[in-house]
Structures are given as C-alpha cells and as structure tokens.
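Visitor: Residues in the sequence shown are numbered consecutively from 667, following our numbering.
Where is the CB? At the ideal position from N, CA and C, for every residue including glycine.
No experiment lies behind these values; they were computed from the predicted model shown.
What follows is a structure written as structure tokens; I'll ask about it next.
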Amino acid sequence: MHMIHRHGSRYPSSSEGLASWAQKIINSTASGNNFTGPLSFLNDWDYGLGLEILVPKGRQELYDSGVLNFYNYGHLFNSSSAHKLVARTTTQDRMLKSAENFLAGFFGLEWTEKTNLLPMIEGVGYNNSLIGTYSCTRALEYMAYNATTPLSTWKNIYLKERTEALHTLTGSYNWTTTDSYNAQSMCAYETISYGYSQFCELFTFEEFENFNYSFDIEFSNMVGFACPAGRAQGIAWVEEFLARVEGHLLQTTGTNANMTLDTNSVTFPTDQNLYLDFSHDAGIVAVLTAFGFRQFAQYLPPTGPPLYQQFKASNIVPFGGRTNIEIIRTPHKVAATRPAGDQTNAYVDGTGETFYVHFLQNQRTLPLHSSFAECEYRDDGWCELSTFMNVQKRSLERSQFEYACFGNWTVTEYGTVTDGVPV
C-alpha cells in the first residue's frame, strides 16, 4: 500500500495574511471606531491564533488516521524485515508532527523502534517529491498570480450582498469584499482552534458553500489541470511510485526527484509492503494531476460552480486528507461486474494470478476507468496493474517537466490551460 497524507488541521499560514487583517480591525476599534449589530463583537475581539503549526485537533486527526490505517493495512507490516520501515515527511513543523502523530497511532508510542522517519528539506531550491513546487521555478512565479483574476471575480459575485450588508455596521471602517472573505476564513480557523467562532454567524450555509468553491478555483489553478505546471509539480512522486512498484532505485530522472536520496536503498527502500509519505494539500493535488486523473479536469467558471462538479478541494484534500493506493493480488482475474456479496462468481474461470491497483481518496474509490481509457469499466473501480503501469510510463513525457518548470512559456487567459501543461 502506498499512501500520501496531508498534515492535520493547522493555524493560518503567513501567506493568508489574517494576522495583519486582524490588526487592522484592532487598530480601528482602538482609534474609537464602533462596530454595530452582528459585528459588535469586534469591539473587544482579539486575535489569538498561532501560525503555521498544528492545532490540537490536527494532532488528533493524524493519530486517529494512524489507528484506522493500522486496522486496514497493519497486516502488511513486515516485522521480520532486515531494516526498519522508512516513512517520509518534510522538515516543516506541521509536516513532521503530523507524521509523528500518525506513526504513534499506527505503531504506538514506541513507533521509533519500527520506523525511521525521513524529513526531506522543504524549501526553495531543494528537490522534494513531497512538495515539488519549490524546485519548479515557473510554478513558483505562476501560482502567485494565476488565480487572482478568477478568484476576485468569484468573490465579488458571491460576497457582494453580504459585504454591502456588513458595510453598514462598520462605522468609519471601510469593509470590503476582502474583509468578508477574511471573516469567513476566521470562522474556519477559530472553529478548529477554539471549537467555536462568532464569525460563522455572519454568513449563510450557501455563502460557505461558495467560499468552498473559491478553493476549488485556487487549487485547480495552482496545481491542477488549469495550471501550466500542474503535472510537473507532482510528477516526481509518480516517478517514485513507479520505481517502488517495480522494485528498483531511480537511476536517472527527468524530474525534480531528489537523486541523493532516491539512489540510496537506505533512504529509498523498494522492498516495503507499506510506503507512508506525508505532504501538503497542494502536493497531493499535484500528484493526482501528474497521474492524469482527468475526472478532476473540469473547467471551473469564475461565475459559479458547474453542474456535476467533480473537483472539490474540500473533498479531496481536507485537513488530514490522504490518498491510499492499494496493490491487490488475486489468484485469478476478478470479474469486472459482479453482484454485491457474490463470492462464488467473483473470479473469471481459466485465468491465473492477477495484480490490480485501487486508488482511494479519503476512503472513497477513485474509479480508474473514469480517467484512463485503457482501464476497463469495473464495478470496483480497479485497473489491472500492468495496464496502469503502461499508462503511467507516458506520464513523465506528458508532464513536460523541463519546459513547464523552466521554459519560456507565457501565461494565457484563464480557462485555456486544461491538461496541466503549458499551451
């Protein structure tokens, strides 16, 4: 089983700017401004959130996930192996702590007796398959502004009426759409930090659904199929996955895989039954993009969610979200269509041992036939492993890694990039 797991619930990141926004509110009340009505709580409100690290709930999420994954996959752990299991995370505090809490749930507090945890350096210029953005120059440049226009359009649409209503309660403070959006963010962060937030009472359920959609636009543009470097940012992990399945070290790479680590069997073992990696939301979406899960490639209009929307960031990469990839061995081919619970007709007569691959996103099957035409339609969503591996052998070429990360392509109008590569 191969797993890539997002960290648990955290405090806001510095890039979100909530601490500076809070200071603006505090400065306004300190200078004598008076908020009224539903916003009157701001008159004595103070900002008390931390920065970047896990909240207590985040630690619990990863511990609980470790327990659950042990129930599902603990039997795969090889206690007689000549070496400890190698799990991987990054050097960022919340990444390291998430991995440690997961392993404590999986193995118990004595997890260090069974596992070596490898923290890979997370930072600009370091090759790291768990978060490929930092060694993809054009992605770093692009993600800073690509989603700005569609996000701004959408926020101004869905928050227009709410912003106008709240503006009448802010006295001399000029309440804008940005303030409304930050207030929605504060609802989320205070709730996971304190268990409750007065900011939540300012908005309707529909407005929070629309808030969710803003993240769908953002992630699709940063690391998804609407990003010219979407595939490139996740392709190194796909390359490592293929090597692990085939049981060999990386010899050469056309990606930003860390060759210092991936050519050494101590830091990149290929004989494990369990591969436990920890990443960010952007890292996981980039990996799914690099694999080619085009069921998530739907165009997301800046005017509102499309019908039958498949790509929803809150479903795919919530705090503590994960991808589990199961490699399944069966004594015979398994019938593609079979009645639920029918054990007698599960196998195809006259066939031999067969291997399948099964993708689960937060315990829900990602049907492989929905994205890969080479995979036959199956009730279980599996694909024969040999077929899937053949498909993925072309994924490196599809990612256009060198050109996407370092090439001289130009940014095009929103909606023109549809396959995670430059046009």
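Assuming Ala948 contacts Cys802 under a Cβ cut-off of 8 Å, what Cβ separation, rounded to an integer in Å, is found between them?
Guide: Not really, about 11 Å apart at Cβ, beyond 8 Å.
Visitor: Going by the DSSP bridge assignment, what does Pro1033 pair with across the sheet?
Guide: Pro1033 pairs with nothing; no bridge assigned.
Visitor: Beta-carbon within less than 8 Å of Thr969's beta-carbon, same chain only, minus the 5 sequence neighbours each way: which residues are those?
Guide: Within the same chain, Thr969 has close Cβ partners Thr819, Trp820, Ile823.
Visitor: Any idea if Ala979 is buried or exposed, counting beta-carbon neighbours within 10 angstroms, 16 or more meaning buried?
Guide: Buried is the call here.
Visitor: Could you please give the first and the last residue of the uninterrupted beta strand (DSSP E) stretch that includes Thr989?
Guide: Looking at the DSSP string, the run of the beta strand (DSSP E) that includes Thr989 is 988-996.
Visitor: Give me the residue from Phe1025, Gly1086, Ser675 with the minimum Cα distance to Leu717.
Guide: Per the Cα distances, Ser675.
Visitor: On the three-state DSSP scale, how would you describe Glu727?
Guide: Of the three classes helix, strand and coil, the one that applies to Glu727 here is helix, per DSSP.
Visitor: To which residues of the same chain is Glu1090 closer than 8 Å at the C-beta, ignoring the five residues directly before and after it?
Guide: Nothing about residue 1090 can be read from this structure; the chain reaches only from 667 to 1089.
Visitor: Which class does Glu1050 belong to by DSSP, given the choice of helix, strand or coil?
Guide: Strand, per DSSP.
Visitor: Go ahead and pull the three-state DSSP assignment for Thr695.
Guide: Thr695 falls in the helix class under three-state DSSP.
Visitor: Kindly list the residues whose CB is nearer than 6 Å to the CB of Thr755, restricted to its own chain and excluding five residues on each side of it in sequence; keep chain order.
Guide: So the qualifying residues of the chain are Met761, Leu762, Ala765, Pro785, Phe944.
Visitor: Which residue or residues does DSSP assign as beta-bridge partners of Arg676?
Guide: Bridge partners of Arg676: Leu720.
Visitor: Excluding sequence positions up to five away, which residues of its chain have a Cβ less than 6 Å from the Cβ of Phe1038?
Guide: Hits under 6 Å: Val1057.
Visitor: Suppose only complete runs of 3+ residues qualify. What are the beta strand (DSSP E) ranges in the segment 781-833, listed by chain order?
Guide: If we require 3 residues or more, the beta strand (DSSP E) runs fully inside the segment 781-833 come out as 781-786.
Visitor: By the 10 Å Cβ neighbour count, where 16 or more other Cβ atoms means buried, how is Tyr862 classified, buried or exposed?
Guide: Tyr862 is exposed by the Cβ-count criterion.
Visitor: Check whether the segment 1056-1075 and the segment 902-917 touch, using three or more Cβ-Cβ pairs below 8 Å as the test.
Guide: Segments in contact, yes.
Visitor: If distances are taken between C-alpha atoms only, which option among Leu954, Leu806, Asn939 comes closest to Val790?
Guide: Cα-wise, what sits closest to Val790 is Leu806.
Visitor: Shortest alpha-carbon distance to Ile858 belongs to which of Asn767, Phe934, Leu720?
Guide: Nearest of Asn767, Phe934, Leu720 to Ile858, Cα basis: Leu720.
Visitor: How long is the line joining the alpha carbons of Glu856 and Asn876, rounded to whole angstroms?
Guide: If I take the Cα positions, the gap works out to 19 Å.
Visitor: Beta strand (DSSP E) containing Ser880: first to last residue?
Guide: No beta strand (DSSP E) contains Ser880, which is instead part of the alpha helix (DSSP H) from 871-888.
Visitor: Beta-carbon within less than 7 Å of Ala849's beta-carbon, same chain only, minus the 5 sequence neighbours each way: which residues are those?
Guide: Only Phe865, Leu868 meet the Cβ criterion.
Visitor: Could you give the distance in angstroms between the alpha-carbon of Ala854 and the alpha-carbon of Gly732?
Guide: In a straight line, the C-alpha of Ala854 is about 24 Å away from that of Gly732.
Visitor: Which residues does DSSP pair with Leu1026 in a beta bridge?
Guide: Asn990, Thr1031.
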